[in-house]
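Novice:
Protein chains: 2
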Amino acid sequence: MVNIAILGFGTVGSGVYEVVTKNKEVITRKAGMEINIKYVLDLREFPDHDVNKVLTHNVEDILNDESVQVVVEVMGGVDVPYKFVKAALEKEKHVVTSNKALVAAKGPELLHIAKQKNVNFLFEASVGGGIPILRSMNRSLTADVILEVMGILNGTTNYILTEMTENGLAFDDVLKTAQELGYAEKDPTADVEGYDACRKIAILSSLAYGKTANFEEILTEGITKITKIDISYAKKCKSVIKLVGVSKNTPEGISAFVAPMLLPKEHPLSNVNGSFNAIFVKGNMVGDVMFYGRGAGSLPTASAVVSDVVAAVRHKHLHVDVDWTTEKMEILSNDHVKVKALVRIAGGEEQKQKALSVFEGGEIVTVEEAKDEFAVITAIETEKTLAEKIVQLSKDMEVRNRIRMEVSE
Amino acid sequence: MVNIAILGFGTVGSGVYEVVTKNKEVITRKAGMEINIKYVLDLREFPDHDVNKVLTHNVEDILNDESVQVVVEVMGGVDVPYKFVKAALEKEKHVVTSNKALVAAKGPELLHIAKQKNVNFLFEASVGGGIPILRSMNRSLTADVILEVMGILNGTTNYILTEMTENGLAFDDVLKTAQELGYAEKDPTADVEGYDACRKIAILSSLAYGKTANFEEILTEGITKITKIDISYAKKCKSVIKLVGVSKNTPEGISAFVAPMLLPKEHPLSNVNGSFNAIFVKGNMVGDVMFYGRGAGSLPTASAVVSDVVAAVRHKHLHVDVDWTTEKMEILSNDHVKVKALVRIAGGEEQKQKALSVFEGGEIVTVEEAKDEFAVITAIETEKTLAEKIVQLSKDMEVRNRIRMEVSE
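From first to last, the protein sequence lines are chains A and B.
Quick note: to get my numbering, add 647 to the position in the first sequence (first position is 1).
Quick note: to get my numbering, add 647 to the position in the second sequence (first position is 1).
(1) For the stretch 929-946 of chain A, enumerate the residues whose C-beta is nearer than 9 angstroms to any C-beta of chain B, in chain order.
(2) Just grab the DSSP bridge partners of residue 934(A) for me.
(3) Comparing alpha-carbon positions, which option in 947(A), 657(A), 744(A) and 696(A) lies nearest residue 651(A)?
(4) Give the secondary structure of residue 732(B) by DSSP, where H, G and I count as helix, E and B as strand, and everything else as coil.
(5) Measure from the C-beta of residue 694(A) to each C-beta in chain B and report whether the shortest distance is under 7 angstroms.
(6) Considering just the uninterrupted stretch of the alpha helix (DSSP H) at residue 876(B), what are its terminal residues?
(7) Mind checking residue 811(B): buried by the 16 CB within 10 Å criterion, or exposed?
(8) Buried or exposed: which applies to residue 915(A), given that a residue is buried once 16 or more other Cβ atoms fall within 10 Å of its Cβ?
(9) Tell me which same chain residues have a C-beta within less than 6 angstroms of the C-beta of residue 741(A), skipping the five on either side of it?
(10) What residue range is occupied by the uninterrupted alpha helix (DSSP H) comprising residue 1047(A)?
(11) From 935(A), 933(A) and 655(A), pick the residue whose C-alpha is nearest to that of residue 724(A); which is it?
(12) Residue 1013(B) by DSSP, collapsed to three states: which one?
(13) Ignore the nearest five residues each way along the sequence and tell me which others in residue 982(A)'s own chain have a CB closer than 7 angstroms to its CB.
(14) Does the beta-carbon of residue 1025(A), which I'm using as the reference point, lie nearer than 6 angstroms to any heavy atom of the ligand NAP?
(15) What are the start and end residues of each continuous beta strand (DSSP E) run of 3 or more residues lying completely inside the stretch 667-725 of chain A, in chain order?
(16) For residue 965(A), which residues in chain B fall below 7 angstroms Cβ to Cβ?
(17) Please tell me whether residue 898(B) has its Cβ less than 7 angstroms away from any Cβ of chain A.
(18) Is it a yes or a no for the stretch 775-791 of chain B touching the stretch 777-790 of chain A, going by three-plus beta-carbon pairs under 8 angstroms?
(19) Tell me, which residues are paired with residue 908(B) by DSSP?
(20) Any idea which residues DSSP pairs residue 988(B) with across the strands?
(21) Below 7 angstroms on C-beta distance, what does residue 874(A) contact in chain B?
(22) If the cut is a Cβ gap below 8 angstroms, which residues of chain B does residue 674(A) touch?
(23) For residue 743(A), report the span of its beta strand (DSSP E) as first-last.
(24) Are there 16 or more other CB atoms within 10 angstroms of the CB of residue 993(B), so buried, or fewer, so exposed?
(25) Please identify the residue among 763(A), 870(A) and 733(A) whose C-alpha is closest to the C-alpha of residue 837(A).
(26) Note down the Cα distance separating residue 664(B) from residue 913(A), rounded to an integer number of angstroms.
(27) Does the beta carbon of residue 805(B) sit closer than 7 angstroms to a beta carbon anywhere in chain A?
(28) In this structure, what does DSSP give as the bridge partners for residue 1023(A)?
(29) Residues of the stretch 848-861 of chain B with a CB closer than 8 angstroms to any CB of chain A: list them in chain order, please.
(30) Kindly indicate which three-state DSSP category residue 827(B) falls into: helix, strand or coil?
(31) In angstroms with no decimal places, state the Cα-to-Cα distance between residue 927(A) and residue 689(A).
(32) What residues match up with residue 942(A) in a beta bridge as DSSP calls it?
(33) In the DSSP output, which residue or residues are listed as bridge partners for residue 902(B)?
(34) Can you name, in chain order, every residue of its own chain whose Cβ lies under 6 angstroms from the Cβ of residue 955(B), other than the five neighbours on each side?
(35) Cutting at 7 angstroms between CB atoms, please list the residues of its own chain near residue 945(B), excluding the five before and the five after it.
(36) Thinking C-alpha only, which one of 919(A), 879(A) and 850(A) is nearest residue 903(A)?
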């Protein structure tokens, strides 16, 4: 038997409790021994729940109990979890977390401590919820130079964009419904502005290329400016708009960004709808691989957390290295990143001619739903040139939006 | 440094050589040490290839060399590889294989020997080529009771069905082109009759439920009877025809089969085209997860083989248990398995009425391309009842084909 402690009894923590309890038989078989929840740390009381029997309000109970071998951190936030996780690792306890903010901010440092103490720091659930993407990056795609990672990493925004696409609804209306249904937070900023996806693509990039990507350096654009008209253009282009996190390993260096993009219907990510997530990885030997599943939710996330607990139990006496060093990853200035875009411009024939003279090699698209404007699909440009050309056009035309498009090489 | 030996220098063996050579830097980093190919076993000579320097015709050179710690078996066949793999494990060498026939026939026995000798027997590449599905089943989806596995497990047949669907071609014509392009073998039986997919769903079922599925007990139907008219019906039903391996963990027991099926366009597997493979897994906690990638080909398969070599190196002194016992898995008699089907019948109004009286609750579909017939989409039936009803109808009508349909519960 192995004793574990869960820090936090919120959405994920209660899911972990449920998974461990309900699937005891299969988990015991997979782990090779029974997993016993000895403590749950939470400041609240849960008088009507079984958890009350193992509840503690004091983290020291857990840290000082030598019989606790695995600590599960599912509290959220950065500062307090960081303190607790660090202390647990230093006490030679394995740590499992679902906390992407913690991993993005402190991952390599905590991995380093884990290595020194010959324990494991595992965080499968921090990206893609129940999708086994991180273990696949760390343990399976180990024979490849990773050339690209591209993911739909946030279920809330994917749900919103899917509803806008399928039911012709406006952003604000879908967001309101999503909040009512509990799919979106009351303060949806972290999701709709892309901050959540940004931390996840930072973690994926770090694991893909073995250095530390600073999420603060990753260009991040959300979906709040996407309108019904944008969706109409997407349909006209046989594409869908998806909020994606992208990181590419090019001869010039590593680029990374989060932004809404037009993906053609043939792209494997274009069929990922609703609150599902998916991560597409390109290796120089394996080619294209994709992982798909529930990116959030209590039980799917808890499933990934518990699978990490099982892994920790199986590797109780073996630290398994993760190829993520503290060395800083140079991220290419976005100026040099090559993009294509759909640029929406108010006006008619005259403006079209002007726009095409600026966007040489561009192509005009129009939609029924907006007769007072048109769009140019640009040729491939650098972000810098694209931005400059938009500034130039804006001098005597109204540029209404611009959405990046997938550039396949 | 760790020495490895490759048994067989065919499609996969030469791919392994190429991956290890070209990606030396990243592989060394991931494995924590350099991987050196000390021997390649093949009966042929390769005078113009670097491999000639490490070539041997005698397996004893490898088995008797204590410095060889990992043996890669990529020969194909069952009897000879079995002898070599068993001998290597008994000499306490880790073994990695891409050989699905070997794994389906001898997997649990070889795993047992590996456990006794404290080494690892790894076979990621035997299912889904480069797709990291087996490690995900063994190491990631360990907190779940697996309820269903469903996969497009054979690239050749998926290529053929995709071409038939997208270009309106007949089976024989596409097969001929596929053979010319090297996508299909000269003797395509194992692929087009579903035998290859059958071994793969047997391996997946064994790993999903922890017992040994005997592939000979799995109902297997190929795609040779699929015609252009069938494809027309699929389109009419907003579906595609895919050859799938399915295994379900139901309250009545485990069912498994390989057959062409009509999948609705919303099904995640319906968008998997060309020679790509994908495996869909449903867990009781994680929900739906899908894995997608190249199911065959020299380099994608070799990528999976080498990732197993890296795993073996990382676990040099630790046997990691695989939840696959020698205990026989009871597979439900197919009679009891619930299906729905599209049944094509020659005739007009009179026959329709008769057919509907037999297939109560059925629904008629017709297509422009075949005006002398119609099809019934049946209600959900057991395989046995379905077969009996078809026999009954066949007494005074011509039943032209029947294709199973996805039953989601």
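We treat Cβ as the ideally placed atom computed from N, Cα and C, and that holds for glycine.
Specialist: Reading off the structure:
(1) Listed by position, the residues of the stretch 929-946 of chain A near chain B (Cβ gap below 9 angstroms) are 930, 931, 932, 933, 934, 935, 936, 937, 938, 939, 940, 941, 944 and 946.
(2) Residue 934(A) is bridged to 930(A).
(3) Out of 947(A), 657(A), 744(A) and 696(A), 744(A) has the C-alpha closest to the C-alpha of residue 651(A).
(4) DSSP, read as helix, strand or coil, puts residue 732(B) in helix.
(5) No, its Cβ sits nowhere closer than 7 angstroms to a Cβ of chain B.
(6) Residue range 875-883 is occupied by the alpha helix (DSSP H) that includes residue 876(B).
(7) Residue 811(B) counts as buried, since at least 16 other C-beta atoms from the protein chains shown sit within 10 angstroms of its C-beta.
(8) The residue in question, residue 915(A), is buried, as its Cβ has 16 or more Cβ neighbours within 10 Å.
(9) Exclusion of the five residues before and after residue 741(A) leaves 717, 766, 767 and 959 as the residues of its chain whose Cβ lies within less than 6 angstroms of its Cβ.
(10) Counting along the chain, no alpha helix (DSSP H) covers residue 1047(A); the unbroken beta strand (DSSP E) around it starts and ends at 1046-1052.
(11) Ranking 935(A), 933(A) and 655(A) by CA distance to the CA of residue 724(A) puts 655(A) first.
(12) Of the three classes helix, strand and coil, the one that applies to residue 1013(B) here is coil, per DSSP.
(13) Excluding residues within five positions, the ones whose Cβ falls inside 7 angstroms are 1029, 1030 and 1031.
(14) In the structure shown, the ligand NAP is absent, as is every other ligand, since no ligand is present at all.
(15) Every beta strand (DSSP E) of 3 residues or more that sits fully in the stretch 667-725 of chain A is shown, in chain order, as 682-688 and 715-720.
(16) Chain order gives the chain B residues near residue 965(A) as 965, where near means a beta carbon separation below 7 angstroms.
(17) Among the residues facing chain A, residue 898(B) is not included, as its CB has no counterpart in that chain under 7 angstroms away.
(18) Flag = yes, the stretch 775-791 of chain B and the stretch 777-790 of chain A touch.
(19) The partner list for residue 908(B) (beta bridge, DSSP) reads 889(B) and 1051(B).
(20) According to DSSP, residue 988(B) bridges with 1051(B).
(21) Listed along chain B is no residue with a C-beta nearer than 7 angstroms to that of residue 874(A); the closest approach is about 26 angstroms.
(22) Chain B residues near residue 674(A): 789 and 790.
(23) Residues 741-744.
(24) So residue 993(B) counts as exposed.
(25) Looking at the Cα atoms, 870(A) is the closest of the given residues.
(26) Distance between the alpha carbons of residue 664(B) and residue 913(A) is about 33 angstroms.
(27) Output row for residue 805(B): interface = no.
(28) Residue 1023(A) is bridged to 990(A) and 1011(A).
(29) Listed by position, the residues of the stretch 848-861 of chain B near chain A (Cβ gap below 8 angstroms) are 857.
(30) In this structure, residue 827(B) counts as helix in the three-state DSSP scheme.
(31) Using only the alpha carbons, I get a separation of about 37 angstroms.
(32) DSSP output for residue 942(A) lists no bridge partner at all.
(33) Residue pairing from DSSP places residue 902(B) in a beta bridge opposite 895(B).
(34) Within the same chain, Cβ atoms closer than 6 angstroms to the Cβ of residue 955(B) are found at 743, 769 and 771, the five residues on either side in sequence being excluded.
(35) Answer for residue 945(B): 658, 659, 661 and 662, listed in chain order.
(36) Considering only alpha carbons, the answer is 850(A).
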